[in-house]
Every structure is written in structure tokens, then in C-alpha cells.
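**Student:** Let me begin by handing over the structure; questions about it come next.
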Amino acid sequence: MFVPFLDPQKRQLKKLQSIVEETNKLEEKIRRLNDDQLKEEVLRLKGEAQKILPSSKNLKLTREKGKPWTTLSEGKRFIESLDDIIAYSAALVREATLRVSPKHRLRDVQIMCSAALAKGKLAEFFTGEGKTFAALVPLMVYSLFGRGAHLVTVNEYLAKRDAEWAGRIFDKLGLTVGCVTHEGAFKFVPLEELKNYKEADIVERASKTNWDLLNTMIGDFLVEISKKDAYRCDITYGTNSEFGFDYLRDNMALNLEDINQRELFYCIVDEADSILIDESRTPLIISGPADEDIALYEKFAQVVARLNESDVEIDEKEHSVTLKEECVDKVEKWLGVKNIWEDYQLSHHLDNALKARFLYKRDDQYIVQDGKVLIVDEFTGRVLPGRRWSEGLHQAIEAKEHVEIKQRSKTYATITYQNFFRLYYVLAGMTGTALTEAEEFSKIYNLDVVVIPTYKPVIRKDFTDVVYKTQDAKFRAVVNEIKERHEKGQPILVGTTSVEKSEKLSQLLSREGIKHEVLNAKNHMKEAQIVAKAGEYGSVTISTNMAGRGTDIRLGEGLIEDLSYSNIFYALKKMGVIGGMRNQNAFKSVVIHTYTDFEYNKVKEAAESVLNYIKEGKVSELMNTKRRLDPIRSLKNRKDIAESIILQFDPSKRTVIFSHLNGTKLFNLIKPQGDLLNTDANLGLHVIGTERHEARRIDNQLRGRSGRQGDPGSSRFYVSLDDDLMRIFGGEIINSFFNRLGVADDIPIEAKIIASQIEAAQKRVEGYNFDIRKHLVEYDDVMNEHREVFYAKRMGVLEMFDHDIKKVQKYGVKEDEDLDADIKEGVFLLRDLTIKKIKDELSRIVDIHQHDGRVRDADILQILQAFNEIVLSDTLEEVVSTRYKIPFQKWKNRILKIENADSLKEKLFGVIDEVYDFKESLLGSEIMRQIEKWAWLTVMDQHWTDHLDFMQDLRSAIGLRGYGQREPLAEYKNEAFDLFAQMVSSIESNVVRRILKVNVTVKPSISEKRLTTTNQQEGREGVYKEVAQSVMEKENKRKEVKHVKSGKIGRNDPCPCGSGKKYKRCCYPKYG
């Protein structure tokens, strides 16, 4: 009686069920509201939502150790307080959905899934149960907080389709929907506004849209907008890569207005196990070309091509290839080097060339298309456009395939999916397969898995795996099963693990004359059309893992009834009644096995209908029965044949049995030689897996294409001892079992003990991969902390600049305002920060040279020499003469007489203030602010790029510390901390030494007035480029003052030196 209280799944489902019940109570109340009242209720909910937001304003933008809030308890309280809002939102969404599409009423299980997602859970929701609908409620809930709600899909087609369809529903509730893809950003626009954006014919076509069918969405209601506007919609759909790259781009922006994303508040990840586990280690990289000699790739590819597998040691489990000792001399001779291990670059090239030659196989891990090497995702089978392997591996494969070798890139910004999605305040996910990886979701993402019950029981028949010794025998068996089931008209989906194997199977089917479609990375453009027909009568579809995820294969209309009749015809054909079979080809009896009561009743009904038709010519009144009986039209009213056939039913075994009656005319004519034929009658999609994947989830995803929403279906996996999984991770026991039994290559073994061994091998691989990912995330967390700190500092620079430029715009453009006066501290934030860092650097320099608080003449000379690295001597002389009104040498002598270190600091600090004010009086406040921003951002970005390279090198080499009995992770953390501290220090030091050396060459076309921000982006960027072009120009290259022969120069007149500035702000201090 205590099981429900002890089982966490049942406890969670009980809580979710209470939200469903509350939603159902509200249904009648919400139904009475008109469209305007629905929107008013949403506005009221927005007000309620704001009241339950945590009061703390210091919320972190990270999920540090899985905790999205300032404190874990605060986050829990927030989630727990959402129940009432979830229930009310679900009632509103259900009603809005019914008004858009009356066929789609949100089911209780979908609302249960919605509630789980709104509570930050990972919902395992079976294929075909309606995850698209379930996502609507939590997206609305979090849109109420005004901070955006994101939904991540696996491809751009789904992102645009779902955004368009959901947009119509959310429009009923007064919410906006955006979509971000690689090709652009879009927003849903209702029909009444569409005429303002699109042509009349498109508006006319859009008006006829059938909202009951999701797959008919073609983008008519989506209009192109900026990405910033898309992210500012209440709800935003998009792909994982686009969200991630936009995050990186935003953190490389030069202005706040260039930043597109808002805070990362709430996110639902569709196909969460694929993105958060399978692709979790995939880095998103923004890069540029690096300097290197690409000829080396070709040279090493030619050398490695001369090697055989006997020359190397291949470890597929560790994914490594090494030269055997006896082959090293041979390779060094071919390369013309004495010791290849002395040069890191050469050894690295060799390592990549060996991997490209022996580990990476064409039409498996990659394909070659249009002269390009394109990566194929091992989990989805899809091409990854624009994705390249790093560290020169991609170039090595290009050299191997003799295609154009693209320049290796230098990383500017990078983040893994794992680290990106942990940035969200609240993260949720949904998928058809998650429970097997529940531990990893919990430990890495702090996500609890909730298994949502199905709307109807799953009646799919999953057959035991069939194991063969060799791949050739396995593929022959696969073809035979396809041939048999295809003869009955059953739709078949065949899953393969690579492009190469899908094409091999296609060739075998073509030899048998079986018409089929192939869906793989080479023709992924036809995915939608192929998948749409995959559930139709007689279809055969061969696919890589593409069809195993993100697709919904519906059974063709009337398919179940068609298959019921075709199974009867198949039995009569095997008995010789149809098709004129004779002697050894015919059987005396055929037993049709069914596996569910539903299928049994359908086949029984069809069998009775067929015999009645043969006996009396009667046709059932059921729709399409006459069409289905066309294959036996010649047997109509053949009472003699009907009486020669015995039809029996066994409800306990769910079998339908056809038998010849001995001694009849028909029996003597056919002379059947076979005694009994057993055959299966599966009235739905049959899935065949040609190989077990390393992860059980991938196999379950493929199986899940069949048996959706209570439909009949079946599945079977074929395995051979040559398969990668069995060969690398678990084939020894099964292989010895085969050898002891003396099993021939073409004899299958179908036993539960074999299946359990295969599952055990998969569990070992899953555990092995989880340990790797868990270990790697500990290293990643270090880099993640660096990224967060650096990006926060960089964002701080942009925010300070934005504050400062607004001050300039507000106060710095008055015609008669005299800005020659000192600028007080606190007016310009970035200026204050820069001056502080200059003084900190000077303080450090003085501290290095002081002895017990005192400095000597020699020390001061060295200090002044360092001071000249910050301020050019010409500038310093000019400031001293104009501001202090004394000769420079006299000032220098006074400095040399100072003995107290603190007094020296104070004196130099004063000079820095004067130099900075002098510089700003010459350039003007706005240009000085631009220079400050440029100096900080260029130095920060350059050092961050170098830091990424250093960290990658450190990561590659730190494992060697283990040989010295040191823990690599601890060593990595210590080294990384020092590297980051050095980077921060170097950034500040470089900015300090650069900022006061910048000079600006002003174009003659620029007015004597300082540029104001009214020029917006174009004007700012123009000044910005000029600042960049004139960096490091010395002050002594300023133009000589031109003497004016007549007329007195007014303080507000243009300076005759040609600088474009007012005389009082340019040369007046020196010559006035």
C-alpha cells in the first residue's frame, strides 16, 4: 500500500494529475469567454505572474552547479508557486486551440506533460502523443513574466512549422511568436494584418490554410523581421545551433544595440536526449582563418596512404591510431625527417592523417558532396552543414579525399551545448526516450525525468533480436523478411547506421525488384516527402537514423483494413488457391498469428468476409470492402472452392487457420507438399533495425516510429557478430556461444540470453560514455567560469560606454560650453575605469622599484622610462609646458628629487589626470569615449582568443601529469586559474599602454563640431574606424601650426592647424 508513496514517478504523476483536474474544472468557465475576454484573462495572469517572481534583483545568468537561482530554495519556491497559473493557462490554451482547430483538444496526458515542462522537468512522452501541443502551455506560462520563452527544435523546418501553427493559437491569447533560423528571423502575423506584408495571392492562399494539419504549414503567415525583434516576442522558436551562435555573437558585439538575445529565462528542448546528451560535447565555434601551410596536409595524406592496417595499432574504443614501432623509421624516411616526435607540428599532422585514414570512413562519419567533406551526425544521420572537425582533422580528411583543403581556423568564441543550456534560469525538455539516461540528466542538468503515460496503450509487437555470425548473412535475412512482408503490403521502415549500409541494402532490394525509397544524408532534402509516404500500403523505406527522430510516420488511410485482407490473400496464395501454386510450393495449412485482440478481430473479420465472397459473392457493407476484394474477383461465387477450405479461429492464441480439406477436387489439383506455414499478421508499420546502436535510446527512437497513439505495429532488430557494438564491446561471449554450438553463418539465433547480452553490452557502452562526459564536464566547468567572468567584464565595458555616450549626447553638445575644465570623477564610467587602471599600473611600477617606501635617482629614472611606455614623451612635454607652465627639464628635476614612494605616486597620478584631460580636450568627449571602448574591446578580444588556444593546449597535455602521480584535474584547475589571472592582468596592462598613444586623423568633411550620436550607427562606426586606423600614432606627428597673417583668432573659431576643432580646445593652450 506504500508503493505509490515510495515510487518517485508515481508521486510526481499524482501532483501533475491534480493540475489536470483543476484545468478540467475551469474548462466550462473559459469556454463562455469571447475572444477579447480571452486576451483580457491573459493580461490579468501577467499581473499575477509578476507578483511571484523572486524579489532578489541579483539573479545570476548561469545555472552554476545546476542551480538557476541565487539560492536553490528560492528557485524551488518559485517553481512550486506556479501550479495555479499552470492550470489556468492550460485551460486558456486548450480553448484557444479548439477555436483554431476543433479537432485538436488538448488531452489530459498532454496537459500532464505541459505541467511537467512548466515545473522544469524532462518529460518522456511517447512518439505521436503530441509533444508539439504539450509545449504550448509552459511557453505561455513563462511568457507571462515578460522575459521570453524559448523552444528549441532539431531542425529549421520544424522550427518554422511549429512557430507558424502555434502563432495562430497564441495570437488568440494576445501573445506574439517569433522564430530564429540560419536563413533569417520571422514573426507570426494574423491573416487580417498579412496584407500589409505579402502579395495578394499569398494572402489568398493563406486564407485557405487547414489548421487541423500541422504539415501543411508552409510559412505564409511568417514575415521576416530582425533577430532582436524575434527575441523580443513573447515566445521564440528556433534551433539549438542558432540560439547558441546568437549567444556567442552577442558576446562579441561592439555595441549594446547589436545584442539580440534577452536574458536566457526559460527553455524547452525538444528531443532533449539528442541535444543534451548525444550532442552535448559538440562545440559551437565562431572562428576566422589561421596562418598555416596547407601543403603539409597533402604531404602527410600521401605518406599515410602507403600504410596498411598491419602498420598501425587501432583502438576503436579509445578512438586512437598509433604507428607500430617498426614503422616509425619508414615514415620518417618518407617525410625526410630524423625524428618526427621532436616537432609537435609534424607529430600532430601525423596523428590527424592516421585518424583520417583508418578511423574516419566515407559514407559513415562523413560524405563527400560537391567537392566538400560534410559531417554526418552519428545519432541523427543528418548532414551538419557548416560544421567542421577541429584541430586540423577536417583538413586531413579533405587531403585524404583529394578535395579543396580549407584553411584551418582560429577560434574567437566557443561554447558547448551542455554549457549553453545550463545558462537558462529554468530548463525543461521532452523526448520519447529519456529514462535510460535519467542519472546523467539529474547530475549534469539538475533535470528530473518524468514518464508521462500514453493516451492509448502501446500494442506494438517487439520481436526478440535475431543474431547472425556475419553481416552478409544478416543482410540476406533482412531482405527475406522485407520481401515477405512487402508481399502482404505491410509498410516497412528499415533503419541503418550509416549512408554506406543504407546504399548496400538498397542495392540488395533492387536485385529482388522491390521498389523502395532511401532516406539518408545524401538526399535529406526529400525527407518530408519520403516520411509522409512511409506509412502507406506497400511502402518500403530505408533510412539512417534520420527517420528515428523528429518525424511522425502516420499510417495510410484504411491501411489496417487493407492489411487485414492482404494477409488473408497471402495465406490463400501460399495454399495454392490464388496464383496457381503447385506441388512443393503450396502448403496444406497456413496459421496466421496475431499479437493483440485488435489485430485478431480485424483479421478474423477479413477472413470471414473473403470466404463469404468466394462462397456466395456477398460483399460487406463496410467502406472499400469491394475494392479490397478485387484480387479474388475470379473466385466470386465459387462455392466448391469455399467448401474445400477449412477456416478455424483460436481466440486463446489469437490465430486464424486456413487448411485444405483432404480429398477434395481442389486438394487433388494443387497437391500441396508443405504441411504447415506460420506467418505473422501485423497491421501497422514494421520497423527493422539492421544493427544495434551504442545507446539503447537510439534503438528505442527507431522502434517508436511504429505503434503511435495505439496503432498496431511491430519491430525487430538484426545483429551480427561483425557489428561495431558486438565487435568492440561485447561479442566475445556470444561468439564463443556460436562456436560451441557450431552454428553456420546463415543460421539465426533468436534467444533471450543473447538479447540480454546485447543489452548488457549497450549498458556498458552507455556507462563508459557517461563517465567520459561526466569527467569532461568537470574540465568544461573551469572554462565555463572563465567564459562567464570574461563575458561579464566585456558586457560591463559596453554598458559603461553606453552610459557615457548618452551623457555626451545630453551634456556634451552645447555650443558655448567650455569643456577645457577638468572632468569630475563619476561623470564618465569607462573613463574612470581606464584612469584607475593606469594609476594601478603606475603604482605597481613604483612598488617594484621602491625600497622600504623610498626611491633613489636610478629607480626614478627607470620609473620614468616605464612611464614613457604609457605616455609618449612628446605628449608629456606638451602637457607639462601648457598645464604646469614650466619647462619640461625643470619638472623632471623636481621629480628626481622626490624620495618618498607615495609622494612620487601622487605626483605621477596628478600628471595622468592632466594628460587624460589634455587628450580629451583635443579629441572631444565622444571620440575619447570611442577610443576607450575600442582599446578595451580589441585588447580583450585578442587576449580571449589567445586564452582559448592556451586552454586547448593545456587540456591536451594535462593528462601527462598523471604519470607524475599528480591528479590531472586539480593540476588543470590550478594552471587554468593562473592563465586566466595572467590574461586579465595582460588585458589591463595592454589597455594602459595603448589608450594615451592613440591619435585621430579627422577627415576634412567632418564639421568643427564634435560628432553627436544623432548620426546613429553609421556615424559612430565611421569614427570608430578612424580611431582604429590611427592607433599608436605618435603625438609628435601632429601638424605644425599654420600662422595666420591677419585677423585675430577667436576662442570659438576653427583652429588654423586644420584639426577641425575649436581653437580653445586645440592650440590655444599652447599658443594663446
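Each residue of the sequence shown is one higher than the one before, counting from 1 in the UniProt record's numbering.
Cβ atoms here follow ideal geometry from the backbone N, Cα and C, with glycine treated the same way.
Check the C-beta distance from L222 over to E183 and give it rounded, since I have them as a contact under 8 Å.
**Tutor:** Not really, about 11 Å apart at Cβ, beyond 8 Å.
**Student:** List the residues that DSSP assigns as beta-bridge partners of S543.
**Tutor:** S543 pairs with G495, L519.
**Student:** Going by DSSP, name the residue or residues bridged to residue 1079.
**Tutor:** With the chain represented from 1 up to 1072, any question about residue 1079 goes unanswered, as that position is not in the structure.
**Student:** Pull up the distance between the alpha-carbon of G238 and that of R32, whole angstroms please.
**Tutor:** Those two C-alpha atoms are separated by around 34 Å.
**Student:** What residue from A976, D913, F977, F980 has the CA that sits closest to L996's CA?
**Tutor:** Among A976, D913, F977, F980, the Cα nearest to that of L996 is on D913.
**Student:** Along the chain, where does the alpha helix (DSSP H) containing L666 start, and where does it finish?
**Tutor:** 665-670 is the extent of the alpha helix (DSSP H) around L666.
**Student:** Assign D293 to one of three DSSP states: helix, strand, or coil.
**Tutor:** Three-state result, D293: coil.
**Student:** Counting C-beta neighbours from all protein chains within 10 Å, is the total for R787 16 or more, i.e. buried, or is it exposed?
**Tutor:** Under this definition R787 is a buried residue.
**Student:** How is P8 classed by DSSP in three states: helix, strand or coil?
**Tutor:** In this structure, P8 counts as helix in the three-state DSSP scheme.
**Student:** Check whether the Cβ atoms of F801 and W944 sit closer than 9 Å, and answer yes or no.
**Tutor:** For F801 and W944, no; Cβs fall outside 9 Å.
**Student:** Within the same chain, show all residues whose beta-carbon is closer than 6 Å to that of Y648, passing over the 5 residues directly before and after it, in chain order.
**Tutor:** Note that residue 648 is Gln in the sequence shown here, rather than Tyr. For Q648, where only same-chain residues beyond five positions count, the Cβ hits under 6 Å are I657.
**Student:** For the pair the region 264-275 and the region 416-424, tell me if three or more CB-CB distances fall below 8 Å.
**Tutor:** Touching, yes.
**Student:** Report the rounded CA-to-CA distance for E271 versus M430, giving the unit in angstroms.
**Tutor:** Roughly 6 Å between the two C-alpha positions.
**Student:** By how many angstroms is the C-alpha of E129 removed from the C-alpha of D311?
**Tutor:** C-alpha separation (whole angstroms): 53 Å.
**Student:** For C938 and A901, what's the separation of their Cα atoms in angstroms?
**Tutor:** This sequence places Thr at residue 938; Cys is not what is there. Answer to the nearest angstrom: the Cα atoms are 33 Å apart.
**Student:** What is the C-beta distance between L359 and H319, in whole angstroms, given that I count them as a contact (C-beta under 8 Å)?
**Tutor:** Sure, about 6 Å apart at Cβ, within 8 Å.
**Student:** Nearest to E920 by CA position, among R831, K905, A96, Y963, is which residue?
**Tutor:** The candidate whose alpha carbon is nearest that of E920 is R831.
**Student:** Who pairs with I275 in a beta bridge, going by DSSP?
**Tutor:** DSSP, once it has assigned bridges, lists no residue as partnering I275.
**Student:** With distances taken from CA atoms, which of I492, K665, N668 is nearest R716?
**Tutor:** That would be I492, whose Cα lies nearest to the Cα of R716.
**Student:** Spatial neighbours of K406 within its chain, please: C-beta separation below 6 Å, excluding the five flanking residues on both sides.
**Tutor:** So no residue of the chain qualifies.
**Student:** Using only CA atoms, which one of D343, E316, L350 lies nearest to V331?
**Tutor:** For V331, the nearest C-alpha among the options comes from L350.
**Student:** Per DSSP, what kind of secondary structure is C267 in: helix, strand or coil?
**Tutor:** Here C267 sits in strand by DSSP.
**Student:** How close, in whole Å, do the beta carbons of V808 and E926 come, if the pair is a contact with beta carbons under 8 Å?
**Tutor:** Yes, they are in contact, since the Cβ atoms of V808 and E926 sit about 5 Å apart, within 8 Å.
**Student:** Measuring only the C-alpha atoms, how far is V137 from V203?
**Tutor:** For V137 and V203, the distance between alpha carbons rounds to 29 Å.
**Student:** Under 9 Å, do S720 and Q471 count as touching if we go by C-beta distance?
**Tutor:** Cβ atoms of S720 and Q471: closer than 9 Å.
**Student:** Could you check how far apart the C-beta atoms of A135 and T23 are, in whole angstroms? I think they sit under 8 Å.
**Tutor:** Actually they do not touch by this definition, with Cβ atoms about 16 Å apart.
**Student:** Have a look at Q294 and I86 and give me their C-alpha separation to the nearest angstrom.
**Tutor:** Rather than Gln, the amino acid found at residue 294 in this sequence is Ile. Straight-line Cα distance between these residues: approximately 58 Å.
**Student:** When the Cα atoms are used, what is the spatial distance from S56 to R147?
**Tutor:** Any answer about S56 is weak, because its pLDDT of 44 lies below 50 and its placement is not dependable; what the coordinates show is given next. The alpha-carbon atoms of S56 and R147 are separated by roughly 16 Å.
**Student:** Could you name the residues that DSSP lists as bridge partners for G674?
**Tutor:** The partner list for G674 (beta bridge, DSSP) reads F587.
**Student:** Where do the N-terminal and C-terminal ends of the beta strand (DSSP E) with T411 fall, by residue?
**Tutor:** First-last of the beta strand (DSSP E) with T411: 409-416.
**Student:** Let me confirm a value: H851 is counted as buried when at least 16 other C-beta atoms fall within 10 Å, else exposed. Which label applies?
**Tutor:** Exposed, because fewer than 16 other Cβ atoms sit within 10 Å of the Cβ of H851.
**Student:** Under the assumption that Q616 contacts N601 (Cβ atoms under 8 Å), give the Cβ distance between them as a whole number of angstroms.
**Tutor:** For the sequence presented, residue 616 should be read as Glu rather than Gln. At roughly 22 Å, the Cβ-Cβ gap does not stay under 8 Å, so E616 and N601 are not in contact.
**Student:** Do I863 and V846 come within 9 Å of each other at the CB atom, strictly closer than that value?
**Tutor:** Cβ distance < 9 Å, so V846 and I863 count as in contact.
**Student:** What runs of the beta strand (DSSP E), each 3 residues or longer, lie entirely inside the region 455-507?
**Tutor:** With a minimum length of 3 residues, the continuous beta strand (DSSP E) runs that stay inside the region 455-507 are 466-468, 492-495.
**Student:** Is G689 closer than 9 Å to Q460 when the C-beta atoms are compared?
**Tutor:** Going by the sequence as given, residue 460 is Arg instead of Gln. Cβ atoms of R460 and G689: not closer than 9 Å.
**Student:** Identify every residue that forms a DSSP beta bridge with A149.
**Tutor:** In DSSP, A149 forms a bridge with I235, Y266.
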